[in-house]
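Engineer:
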Amino acid sequence: MTVQTKTKGLAWQEKPLSNNERLKTESNFLRGTILDDLKDPLTGGFKGDNFQLIRFHGMYEQDDRDIRAERAEAKLEPLKFMLLRCRLPGGIIKPSQWIELDKFARENSYYRSIRLTNRQTFQFHGVPKTKLQTMHRLLHKLGLDSIATAADMNRNVLCTSNPIESALHQQAYEYAKKFPNTYCRARAVIWMFGWTAKKFKVPTTSFKKTSRF
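Quick look at the structure:
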């Protein structure tokens with residue numbers, strides 16, 4: 001797969017796509033075979049392209065390096081788990097949201113904690129593969145997600161951290177919330193439903209009939 005890249009003036013040269021661009025082209029809109037890997041009990045991680053694809057869903061695969069050699073000696077794969085970075089424009093979160101997130105981390109993550117970052121957001125560390133759908137469903141219930149917080153995209157939408165200080169601060173925060181696209185079908189199929197839907201029905205006001213896609 002190649003893409004035309006402008007080099008000098010009007011001269012064009014065919015260059016291969018980067019690996020991330022190849023993944024976007026070949027993964028059925030970032031779905032890949034992530035669902036198959038979620039159902040695979042033989043490994044705690046993701047295989048092939050899915051290892052990179054989960055980054056577009058806001059996650060990285062990691063393992064406990066402190067026991068890596070010990071597990072290798074026992075002929076076991078590394079103890080794998082995921083890091084998830086939440087999309088949190090301006091770093092603003094409600095106390096009620098935080099309480100539920102903290103409860104999930106304490107009960108389901110390897111490190112039993114949430115970590116704050118200098119990207120105005122938080123990260124879950126040490127979440128096993130078996131808890132990933134539960135985690136994404138919790139985020140969805142709380143009005144949060146991890147869309148576009150890893151891979152070759154921006155890690156979060158940063159803005160003023162105090163939208164109540166002035167009208168301009170509030171305006172900046174409102175724009176920060178509008179930037180990301182929350183209607184990501186691959187995310188819903190993999191993390192919300194856990195199965196591949198044939199079609200979704202979305203009502204619109206622009207057409208007489210219901211749009212289907």
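In terms of full-length UniProt numbering, the sequence shown opens at residue 1 and continues consecutively. Every residue gets a Cβ at the ideal spot worked out from N, C-alpha and C, and that includes glycine. In this text, all values refer to a predicted model and were calculated from it rather than measured experimentally.
(1) What does the alpha-carbon distance come out to for the pair Glu77 and Ala167?
(2) Which partner residues does Gln62 have in the DSSP bridge list?
(3) Can you grab the Cα-Cα spacing for the pair Ala176 / Gln120, in whole Å?
(4) So, for Asn20: in the same chain, excluding its five sequence neighbours on each side, which residues have a beta-carbon less than 7 Å away from its beta-carbon?
(5) Just tell me which of Asp36, Ile92 and Asp102 has its CA closest to the CA of Trp191.
(6) If you run the structure through DSSP and keep just helix, strand and coil, what is Asp145?
(7) What residue range does the alpha helix (DSSP H) around Thr25 cover?
(8) By DSSP, does Pro16 sit in helix, in strand, or in coil?
Structural biologist: In brief:
(1) The C-alpha of Ala167 is placed about 53 Å away from the C-alpha of Glu77.
(2) Under DSSP, Gln62 shares a beta bridge with Phe81.
(3) C-alpha separation (whole angstroms): 12 Å.
(4) Closer than 7 Å at Cβ, skipping near neighbours: Ala151 and Asp152.
(5) For the residues Asp36, Ile92 and Asp102, the minimum Cα distance to Trp191 belongs to Asp36.
(6) Strand.
(7) First-last of the alpha helix (DSSP H) with Thr25: Asn19 to Glu26.
(8) DSSP places Pro16 in strand when its eight states are reduced to three.
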